[in-house]
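First comes the structure, then the notes that go with it.
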Amino acid sequence: MEVQPVAVVGTYRSGSSMIAAMLHELGVDMGAPFWGNYYEPQDLAQSLRRWWTEPQLIAAEPASNRILLLRQWFCNRLSADCKVVGAKHPLLTLSINDLMRAWGPHTKLIWSRRELDDSIQSLKRTDWWPSSENIQQQLWTKLAATFPRQGSLIIDFEETQNAPVVVVEKLVDFLKLAPSPEAVSRAVSVVRTNPPAPKVPLPKTLTRSGRTRIACTVLAGSCEELIGDALESVVDWVDQVLLIDTGIEDKTLDVARAVAGSKLQLATLNWSDDFAKARNLALELAQQTDATWALTLDTDERLRSTSDAFTFHQLIELLETHDDVDLWLVESSDGQYSKERLIRLPTTLQWQGRTHEALVSKHQQYHRRVLPHLVFDEIPKPPEAMRRKLERDHRILREDLKWSPENGRAWYYLGQTLANLLQHEGAIAAFDRCASIHPGHELAAWACYMGAKCCVELGLLDEAISRCGIGLSIDACFPELAWMSGWCYFKQQNFQQAVAWSHIAISLGCVEGIGEQFHRIGFRDLVGWYEGPYDVLRFSPIPAGGTEANAAASSKFEQAAALRKRKQKQQSSASTPSL
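Under the UniProt record's numbering, the residue at position 44 of the sequence shown is numbered 44, and the numbers go up by one with no gaps.
Rendered as structure tokens:
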């Protein structure tokens, strides 16, 4: 059975969401889960906004890549009982030619047409972008050049608003659907026929009724041995637990119910090797509750406070008093990096990346901070599970980089994956590509550090030193880069350079330097911040101080190592309570 593709296009604020909602109720697969109430597929909407930079609507991705992804998206939606697959988004208007090549010339198009001036004024009232007229004009020009055409249908906005029964009949006839009377009734009911309530201007700052409420979102496959401890670590501090079932086949749900009780809510998602898609579904479900924050937790993670004095009420007070923060990160218990954890709701943030996903915002800047007094532990994966993860990540990242070769973050994680697979040559090339793309000062500099470590593994000390220098030129707040450079010179028995670089590392570190002033939130190698440079100095010939200088460096080494371990122990102490 051949599946019929259909695309709903139009300007912004043209009524296309009503058409898409009608098709959804009539049984057409419109790409759920949707973004908000706009009936736009979350995953495809993210891609479209990446391809067509808003509000300029400039193509940021070559047509060949757009066609490839559109074809892949359509194929992923196919199922045995699927007769019509569709999608709606205003930016699909700019991709009509791509659609015809990706989905085939039999693709049907529906234009939800609203008069240009009306759509411009409606978009201006949303205050989404300052250039509403230019956006709408570009879309209208493309639509006017495309329609009418064979295999297309034009539905006027006024007709959708005033005669939804007629519009539903047109859609059924156009796509040769056979909906039930109940489905037809639901489709007609999409359009509100009673007069709308008067619009009330939104306040400049969001005010909420009642106390702060936290919804914990968890993605879970078959993980009955992990899920219990994960939920135990947060259940007393959250109001709801939204568990997304990505293919559970064991007793995971039974364990989750036993721990979360009435707080547990379930949703299902057919797994498609796309963590961003799953997390965006979880975030959307959280926004449909009365929660004011969404807490992201993996089944192999446990959240806990680092002090008995930090209570649930203090957490709530902290969340409520810092009303400028959109995203709170939480440090790992070893202090090596921080991870996105608490997202203020409602939000424009979305997860991006099929693996090693990150939160991004296309419409506005957002403020993030590291949350004090909380850390998370991550349960190590067994060797075989780690191998499968690395191989999966390698495959996904290679696929993604084919159509997004300038994704610096993906190049970094490809390098990390290859390094963990002990493929150091490939890892160096990936880290170098990340640094050259410059996805951000921290990540680019850290890619230089990781590339240098891989060079050391291969005995390429000069190349390692070169990458340390490049990294420090990108971001000078990296004592581990100076330490690595000094260590490499030491291995080459160039002790003058080894001593000089070690003193630079000390000046940037946390023992006698300014390291505590740095606000790094990404990866860190804390040995380079503490005892690492003293380790080089205690074994290097120091003409100015001789053996006494070496002895002093040895003493500093012991003190610095103890200081680092003490700080890490304060965070990783098992005696501290869970959330």
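Ideal Cβ placement from N, Cα and C applies to all residues, glycine included.
Measuring C-alpha to C-alpha distances from P541 to each of R387, E558, S502, L508 identifies S502 as the nearest. The segment 375-383 and the segment 298-308 touch, with three or more beta-carbon pairs separated by less than 8 Å.
By the CB criterion at 7 Å, M450 and F478 fall outside the cutoff. Counting only runs that start and end inside the segment 4-52, the beta strand (DSSP E) elements of at least 3 residues fall at 4-9. Of the residues P5, G247, S338, the one whose Cα lies closest to the Cα of M100 is P5. Secondary structure note for D400: its alpha helix (DSSP H) is the uninterrupted segment 383-403.
In this structure K339 does not touch L349 by the C-beta definition: roughly 14 Å separates them, more than the 8 Å allowed.
Note that the C-beta distance between V241 and A267 is not below 7 Å.
By the 16-neighbour rule on beta-carbons within 10 angstroms, K453 is buried. Inter-residue distance for H367 and D323 is about 10 Å (C-alpha atoms, whole angstroms).
For L481 and I96, the gap between their C-alpha atoms comes out near 49 Å. Judged by beta-carbon spacing, Y39 lies beyond the 7 Å limit of K83, meaning their Cβ atoms are not closer than that value.
The continuous alpha helix (DSSP H) containing K170 extends over residues 164-175. Around the beta carbon of K556, 16 or more other beta carbons lie within 10 angstroms, which makes this residue buried.
Straight across, the Cα-Cα distance linking V238 with D229 is about 15 Å.
The beta-carbon separation of R392 and D273, rounded to 7 Å, stays under the 8 Å limit for a contact.
Below 8 Å, too few C-beta pairs join the segment 346-360 and the segment 503-514 to call them touching: fewer than three. L231 and P346 have their C-alpha atoms some 24 Å from each other. For a cut-off of 8 Å, the C-beta gap from S112 to S16 is around 4 Å, short enough to register as a contact.
Contact check between the segment 440-448 and the segment 484-493: fewer than three CB pairs, one atom from each, fall below 8 Å, which does not count as touching. Taking C-beta separations shorter than 6 Å and ignoring five residues to either side along the sequence, the partners of L421 in its chain run L390, following chain order. DSSP places E133 in the helix class (H, G or I) of the three-state scheme. Taking 7 Å as the cut-off, the beta carbon of I465 is found closer than this to the beta carbon of S485. Beta-bridge analysis with DSSP links W293 to I214, R344. Residue pairing by DSSP places W111 opposite V9, I154 in a beta bridge. Looking at the backbone, the Cα of S14 and that of V172 are separated by about 20 Å.
Per DSSP, F310 lies in no alpha helix (DSSP H) segment and is marked neither H nor E. A straight line joining the alpha-carbon of T296 with that of T217 spans about 5 Å. Ranked by Cα distance from E2, the first of A276, A63, W52, W103 is W103.
Excluding residues up to 5 positions away in sequence, S222, E224 lie with their Cβ nearer than 7 Å to the Cβ of D250 in the same chain. Here the alpha carbon of P179 sits roughly 51 Å from the alpha carbon of P383.
If the five residues before and after R186 are omitted, its C-beta is found closer than 7 Å to the C-beta atoms of E25, all from its own chain and listed in chain order. Under the criterion of beta carbons closer than 8 Å, A294 and A220 do not qualify as touching, at roughly 16 Å. Secondary structure at K339: strand, using DSSP grouped into helix, strand and coil.
Nearest in C-alpha terms to T53, of all of L91, M18, E158, is L91.
For R304, the enclosing beta strand (DSSP E) begins and ends at 301-305.
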